[in-house]
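Sequence order for the protein chains is A and B.
Residues 175 to 290 (the working numbering) make up the first sequence, in order.
Residues 1099 to 1420 (the working numbering) make up the second sequence, in order.
All C-beta atoms, glycine included, are put in the ideal place defined by N, C-alpha and C.
One structure below.
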Amino acid sequence: MNKIVLGLILGGILGILDGLTSWFTPAVRNQLLGIVFGSTFKGLIAGVLIGVFARKVNSLPLGIVFGLAVGAFLAWIIAFMQHGYYFQIMLPGAMVGLIVGYATQRYGAAPQTQRV
Amino acid sequence: MTFLPDRVVARLRTELQLPDLSGTRYRVVKFLGRGGMGEVWLAEDTVLERSIALKILSPESGHAELASRLMREAVVLARLEHPGIVPVHDAGVLPDGRAFYCMKYVAGQTLDKHITGMDLHRRLQLLLRITEPLAFAHSRGIIHRDLKPGNVMVGPFGEVLILDWGLAKIHGNDPSVADHGPAQPARGGSAETETAHGAIMGTPGFMAPEQARGETSLIDHRADIFALGAIMAFMLRAPDPPARPLQAIYNKAMDAEISARYASVGEMAADIERNLQGLPVTAYRENLWERASRLAGRNRVAIVLVLAYLLMRILFVVFSRR
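Here it is as structure tokens:
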């Protein structure tokens, strides 16, 4: 599968799952829909960015580091907007980025080059 | 009467064995080895100033038919221009009447010596490299018929070369390279190295059953596939027995029934390649547990990452409820 599409799908799915787990935190349960929406959106953006990076740079270690950084950064923005829960938001966000970074490099198909 | 010391006798014997290279551009450096119909000498090409290997008919086997067989081998090699096949530079008759051909000198190790201490992955990759020149030869209608670890040379830079095409069979009607007679089991000499004319066609243990039975008409490229399977079994026999899919690959290649073997070297190579990539092989039907193990092994990192993520989530839930 195309690396960008793979990143997008994986980022979206993991984003939804990431958001849904907030149901287990009673304090924020009433904001579940907003959290799921925000988390999915974050996952999609992270997925696209990581997918584009994987398309440009064919390196598993760099893909993982980039995914981790993007995931952590986007999660930091969310946490910053929430004025708290940095650890609870940034750690899962970074891990999602790491998983997407690994998956796009490992399972994504490299673009096909055409010789003229 | 004075007796000559042993070392002098040995020296004289060596001198007598030396090929007469007078009038040629070659100068003998040292003796390298002896095959069934000829001996191989390391020599120097004095014009191009490089080392070469000379394969010369043995003095004691000055048979005209053997000379034509040696020339035939040179013709076969000349037809096979491939990085995995030793190139022939020259061929002819020496002043002493012996037929010879000159080829590239490969200062490497034979496969049996080279694989010592090598891990499974590298052995399989090496095996794949052996399949390349063989597939090429088959595409040119040439069957080696004497593939064995001793006929595969691995050069100092990892280059793999298939040697000794003296028993090669060519499909076609070119009289200069026509097939010579039926296969017969080896008589006398070392069964490991014997490739002499008339008495042998292959090496026991690496020879396809139809070849060992002398059924020449049945011998085709699948005889080489059998030998390749035997080489694979030889390469993977130690330190531990290989996994079942790998055993299935060489067992299929070595099937006594010709039609049950791989149809081509490429098919066999594809199965080895699939195994290297953690994919199922066509020669083996795996059960559910084996399939799960293979998939888990192939996606180990991804599984660990997802499990780590789930563990983290569980820990978050547990601690948030305290």
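- In this model, LEU1409(B) and GLY193(A) are separated by some 16 Å (Cα to Cα).
- Taking ARG1396(B) as the centre and dropping the five residues before and after it, the same chain places the C-beta of GLY1376 closer than 7 Å to its C-beta, in chain order.
- Residue pairing from DSSP places TYR1124(B) in a beta bridge opposite ASP1143(B).
- In this structure, ILE1150(B) and LEU1192(B) do not form a Cβ contact; the two beta carbons are roughly 14 Å apart against a cut-off of 8 Å.
- With the criterion set as a beta carbon lying under 8 Å from some beta carbon of chain B, the members of the stretch 244-275 of chain A are GLN262, LEU265, PRO266, MET269, VAL270, LEU272, ILE273, in sequence order.
- Separation of GLN1115(B) and PHE1255(B) (C-alpha to C-alpha, rounded to the nearest whole angstrom) is 33 Å.
- Close to ALA1394(B), with beta-carbon spacing below 9 Å, lies no residue of chain A; the smallest spacing is near 15 Å.
- Under the three-state reduction of DSSP, ALA1197(B) is assigned to strand.
- Taking 9 Å as the upper bound on Cβ-Cβ separation, chain B lies near residues LEU191, ASP192, THR195, PHE198, THR199, PRO200, ALA201 of the stretch 191-218 of chain A.
- Think of a sphere of 8 Å around the beta carbon of ALA277(A): the chain B residues whose beta carbon falls inside it are ALA1400, in chain order.
- Per DSSP, SER1149(B) is one residue of the beta strand (DSSP E) stretching across 1148-1155.
- The beta carbon of ARG1359(B) sits closer than 8 Å to those of ARG1320, ILE1323, PHE1324, GLY1327, LYS1350, ALA1351, MET1352, ASP1353, all from its chain and outside the five residues before and after it, given in chain order.
- Spanning the alpha carbons of GLY212(A) and GLN256(A) requires a straight line of approximately 12 Å.
- Counting other Cβ atoms within 10 Å of its Cβ, LEU207(A) stays below 16 and is therefore classed as exposed.
- Rounded to whole angstroms, the gap between the alpha carbons of TRP1263(B) and SER1237(B) is 15 Å.
- Distance from the CA of PRO1343(B) to the CA of ASN1385(B), rounded to the nearest whole angstrom, comes to 11 Å.
- Distances from the CA of LEU1175(B) to each of GLU1163(B), ALA1189(B), ALA1162(B), LEU1164(B) were compared; the closest alpha carbon is that of ALA1189(B).
- Judged by DSSP secondary structure, MET1216(B) falls outside any alpha helix (DSSP H); it is assigned neither H nor E.
- A distance of 8 Å or more separates the beta carbons of GLY181(A) and VAL270(A).
- Setting aside the 5 residues that flank it on each side, GLY1253(B) is surrounded in the same chain by VAL1204, ALA1205, GLY1206, LEU1259, each with a C-beta closer than 8 Å to its C-beta; the list follows chain order.
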